[in-house]
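So for the sequence shown, the UniProt record's numbering puts the first residue at 1; every next one is plus one. Note that the Cβ used here is the ideal one computed from N, Cα and C, for glycine as well. Inspection log for the structure reproduced underneath, given as structure tokens.
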Amino acid sequence: MVTGDDVRRIVSDLPRAYEALVRDRAKFRVGRIVFLSLSPDETVMGFGYPKEEREALVAGEPEKFMMPIPSDMRYQWVRVRLSAIDYEELRELIVDSWRMCVPKKVWTEYLEKNQS
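Structure (structure tokens):
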């Protein structure tokens, strides 16, 4: 099982990403864009994900993934139970969500640095 500390460890390596506390929730941003958040008890993580693909993701693995709460349905967003994923899957979800928010140049530099 992964934890909120694992989320923070991964985010700390991502250029331009930072954590903000908003109404008892940890939110992780690039600029003003939230690319992931943790539930107050840090058992569920919401993250950026393409709207057109989220129904298939949730339907394919409903034990892991959940649709956004009704007020977040308009956003590119989905949720995951942290108890249902491992560290590598967590890292992939976070990096993919972050990638949706940063300029291509930032993503390319990160990719080059981490392929070495």
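For E61, there is no enclosing alpha helix (DSSP H), as DSSP gives it neither H nor E. In this structure the region 44 to 60 lies against the region 73 to 85, because at least three pairs of beta carbons, one per stretch, are closer than 8 Å. At the C-beta level, M1 and S83 come within 8 Å of one another. When only Cα atoms are considered, M67 and L57 end up about 9 Å apart. Under DSSP, the beta-bridge partners assigned to F47 are L36, V78. Look at L14 here: in three-state DSSP terms it is coil, with no helix or strand label. With contacts defined by Cβ atoms closer than 8 Å, S37 and K27 form a contacting pair.
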